[in-house]
Amino acid sequence: MADAAKLLSIDLSEENNRAEFLAVPYLSNEDKGAILASFEQGTKNVGVIYVWDNLGQDGDVIQIVSDGLTMDIPLSHESKLIFLPFVSGESLIFRGLNDNGNGIAATIETPSGTVSLPVLAMGEAAELPVR
45 MADAAKLLSI
55 DLSEENNRAE
65 FLAVPYLSNE
75 DKGAILASFE
85 QGTKNVGVIY
95 VWDNLGQDGD
105 VIQIVSDGLT
115 MDIPLSHESK
125 LIFLPFVSGE
135 SLIFRGLNDN
145 GNGIAATIET
155 PSGTVSLPVL
165 AMGEAAELPV
175 R
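Residue numbers (the numbering used here): 45 to 175.
(1) According to DSSP, is Gly140 part of a helix, a strand, or is it coil?
(2) Given a threshold of 16 other Cβ atoms within 10 Å of its Cβ, counted over all protein chains shown, does Asp104 qualify as buried or as exposed?
(3) Below 8 Å on the Cβ atoms is my guess for Pro129 versus Asn73; work out the distance and round it to an integer in Å.
(4) Check each candidate in Val174, Gly147, Ser132 and name the one with the smallest Cα separation from Ile106.
(5) For the stretch 134-144 against the stretch 106-122, do three or more pairs of beta-carbon atoms, one drawn from each stretch, fall closer than 8 Å, so that the two count as touching?
(6) Can you give me the C-alpha to C-alpha distance between Ile93 and Arg175, rounded to a whole angstrom?
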């Protein structure tokens, strides 16, 4: 796919970042607790990406896999802020979960730029290396 995306670690000890992280609907409370504990122990980086449907909004859903954590994200034309644990040198995996016609189209924004994923079929995956 594209060159490696640069993710920047965010500081979850900062009150606004922590509140926003704890409010996300796509992670269970158990996952949030584990990520926070790992962050506080200095064993996990947490970054953010934005994701949205770059074609017709038609109910597409993607799955994002990052550092062993799986998140199902419904796509819309409005960008969604996604918190995710990451390991530099590994890849984010984006898998098509639900397609209501014409393939699953998503655009990802990271601090290093914007990447349009290839149009995915249900079950098909694309990888984005992280640096």
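Every residue gets a Cβ at the ideal spot worked out from N, C-alpha and C, and that includes glycine.
Predicted, not measured: the structure shown is a model, and the values here were computed from it.
Put simply:
(1) For the purposes of this step, residue 140 is taken as the residue at position 96 of the sequence shown. Gly140: strand per DSSP, three-state reduction.
(2) Locating residue 104 in the sequence shown gives position 60, counting from the first residue. The residue is buried, with at least 16 neighbouring Cβ atoms inside 10 Å.
(3) Residue mapping note: residue 129 aligns to position 85 of the sequence shown, counting from 1. Residue mapping note: residue 73 aligns to position 29 of the sequence shown, counting from 1. 16 Å between Cβ atoms; not a contact.
(4) For the purposes of this step, residue 106 is taken as residue 62 along the sequence shown, with counting starting at 1. Residue Gly147 is the option with its Cα nearest to Ile106.
(5) yes
(6) Looking up residue 93 in the sequence shown gives position 49. Looking up residue 175 in the sequence shown gives position 131. Answer to the nearest angstrom: the Cα atoms are 13 Å apart.
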